[in-house]
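Convert by adding 30 to the 1-based position in the sequence shown; the result is the number in our numbering. The beta carbon of each residue, even a glycine, is placed where N, CA and C say it ideally should be. Taking it in order: structure first as structure tokens, then the write-up.
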Amino acid sequence: MTTFARRPILGLLAAAAAALLPLATLAQSDYPNRPVKIIVAYPAGQSTDIATRYFAQKLTQAMGQSFVVENRPGASGNIGTAVAAKTAPDGYTLIMGASGTHAMNPALFDNPGFDAEKDFDAIMLTALIPFAISAGPSANINSLTELIAQARNKAGKVDAAIPSVTGQLVLEMLKQRDVPLFGVKFKGSADAMTATLGGHVPVLIDTVAATRTQLGRIKVLAVTTAQPMASMPGVKTASEQGLANFNIAAWNALMAPKGIPPEIHAKLATEMRKILDLPETQKALGDLGFERAPVYTQAELNAWLREERRSYAQTIKSAQMKPE
């Protein structure tokens, strides 16, 4: 008797489950049907924040729903990244991953609060972010050659403002080239720039994107790209000024918590590729101080990110870098 009574119930449950499947599929195909949040694990004004706000605006226009940037800074980007890692993978919370959070921090911190590979699905590499080495207006430094000479004559006594972990990596790479600057860490680009412009710190190591906000007031000594940048007219590369093969750039990649539905992942990737291919986007990124990112398939992007983590870990270990 129990067996016969259970059969209709099981049939009803199966029918109900089947009925729900089209609803789930519809929800994914209708994506986005409410605002989408993009977490930036750095303060406003940082390079990642600048780029993300541009892409959020373009995604809003392309997809008909608001894409809103939410800054969650702290602990070198670990706080906001850990928050994103624990969010439901429904496509309504994304994060603009960065080389600092997703390549450096796993090697710098014993427990950053997330697993850079296992907790995230990469959607699209969006931009490369070169660095600038600059001097404040009151500093008696007018070229990278002068800075190198001063640093070597006053080992460990020439201060450099460092607003990010990637900036710290550039500092350590300079030290390895016998440019022994002393790093003074700040919470973000705005604070580091204020201190440099105010004469509290003579040197600034920050991204080209953040540095460009004060062109005309700050003296840009060099960029860390292989070739001079159109957005920094007249500024030579570090390689051209005595630091051969000194080439480093940070990066951004739009990511989602691991497990985002494939349909939503594909939709976001498609729209981001369209946005990145727009001539106006490439001009805007160039004007902001970014460089175009390589175009990768999903498999290539995942492999590239793994290699970035390996490479950064090797450099961090060699330089004996420590977290803040």
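Let me confirm a value: GLY229 is counted as buried when at least 16 other C-beta atoms fall within 10 Å, else exposed. Which label applies? Flag for GLY229 reads exposed.
MET134 vs TYR342 beta-carbon contact at 7 Å: Closer than 7 Å, so yes.
For SER77, I'd like the list of residues in its chain whose CB is within less than 6 Å of its CB, leaving aside the five on either flank, ordered along the chain. The residues are ILE159, THR237, ALA239, ALA240.
According to DSSP, GLU100 sits in a beta bridge with which residue or residues? DSSP lists ILE69 as partners of GLU100.
With the cut-off set at 7 Å, would you say GLU293 and ALA92 are in Cβ contact? Cβ distance not < 7 Å, so GLU293 and ALA92 don't count as in contact.
Residues near GLY316 in its chain [Cβ-Cβ closer than 7 Å; skip 5 each side]: These residues qualify, in order along the chain: ALA260, SER261.
Which two residues bound the contiguous alpha helix (DSSP H) that contains LYS304? LYS304 -> alpha helix (DSSP H) spans 292 to 307.
Using only the alpha-carbon positions, how far apart do LYS313 and THR82 sit? Cα to Cα, the separation comes out at about 16 Å.
Compute the Euclidean distance between the alpha carbons of ILE171 and VAL209, then round it to the nearest angstrom. ILE171 and VAL209 have their alpha carbons spaced roughly 14 Å apart.
In chain order, each beta strand (DSSP E) run of at least 3 residues that lies wholly inside the stretch 132 to 168: The qualifying runs are 150 to 165.
When every heavy atom of the ligand NAD is checked, does at least one fall within less than 6 Å of the C-beta of TYR61? For the structure depicted, the ligand NAD is absent and the ligand set is empty, with no information on it obtainable.
Using DSSP's beta-bridge definition, name the partner residues of ASP233. A small fix is needed here, since residue 233 is Val in this sequence, not Asp. The partner list for VAL233 (beta bridge, DSSP) reads ALA165, ALA190.
Using 8 Å for Cβ pairs, my map puts ILE248 next to PHE216. What's the rounded Cβ distance? For a cut-off of 8 Å, the C-beta gap from ILE248 to PHE216 is around 15 Å, too long to register as a contact.
Backbone CA spacing between ILE109 and LYS116 [nearest angstrom]: Rounded to whole angstroms, ILE109 to LYS116 spans 11 Å at the Cα level.
So LEU306 and ILE153 are in contact, right, with Cβ under 8 Å, and what is the actual spacing, rounded? Going by Cβ atoms, the distance from LEU306 to ILE153 rounds to 12 Å, so no, they are not a contact pair.
Candidates ARG207, THR224, GLY130: closest to ALA165 by CA position: The candidate whose alpha carbon is nearest that of ALA165 is THR224.
Between SER129 and ASP60, what straight-line distance do the alpha-carbon atoms span, to the nearest angstrom? Whole-angstrom Cα-Cα distance: 32 Å.
Suppose you measure from the CA of GLY218 to the CA of ALA114; what does that come to, to the nearest Å? Rounded to the nearest angstrom, the gap between the Cα atoms of GLY218 and ALA114 is 20 Å.
I need the DSSP call for ALA249, collapsed to helix, strand or coil. Sequence inspection shows Lys at residue 249; the Ala mentioned does not correspond to that position. In the three-state DSSP reduction, LYS249 falls in the strand class (E or B).
THR175 versus VAL233 - alpha carbon distance: In this structure, the straight-line span from the alpha carbon of THR175 to that of VAL233 is close to 13 Å.
Option nearest GLN271 by Cα separation, candidates ARG207, PRO324, TYR84, ALA323: Nearest C-alpha to GLN271: ARG207.
MET262 in three-state terms, based on DSSP: Of the three classes helix, strand and coil, the one that applies to MET262 here is coil, per DSSP.
Does DSSP put MET351 in a helix, in a strand, or in coil? Coil at MET351, not helix or strand.
Closest residue to ILE125 among ILE68, LEU177, LYS352 (Cα-Cα distance): Considering only ILE68, LEU177, LYS352, the residue with the shortest C-alpha distance to ILE125 is ILE68.
Beta-carbon separation (whole angstroms), THR267 vs ALA256, contact threshold 8 Å: So it is a contact: roughly 7 Å between Cβ atoms.
Which partner residues does ARG242 have in the DSSP bridge list? According to DSSP, which records beta bridges pairwise, ARG242 is partnered with nothing at all.
Round the Cβ separation of LEU201 and LEU211 to the nearest angstrom and send it over; I've been treating them as touching at under 8 Å. Indeed they touch by this definition, with Cβ atoms about 6 Å apart.
Helix, strand or coil for PRO52? Go by DSSP, reduced to three states. Here PRO52 scores only 49 on pLDDT, less than 50, and its place in the model should not be relied on; the value that follows carries that caveat. Assigned with DSSP and collapsed to three states, PRO52 falls in helix.
Report back the beta-carbon spacing between LEU138 and ILE346 to the nearest angstrom; my notes put them in contact at under 8 Å. Yes, they are in contact, since the Cβ atoms of LEU138 and ILE346 sit about 6 Å apart, within 8 Å.
Grouping DSSP H, G and I as helix and E and B as strand, with all else coil, what is ASN282? In the three-state reduction of the DSSP assignment, ASN282 falls in the strand class.
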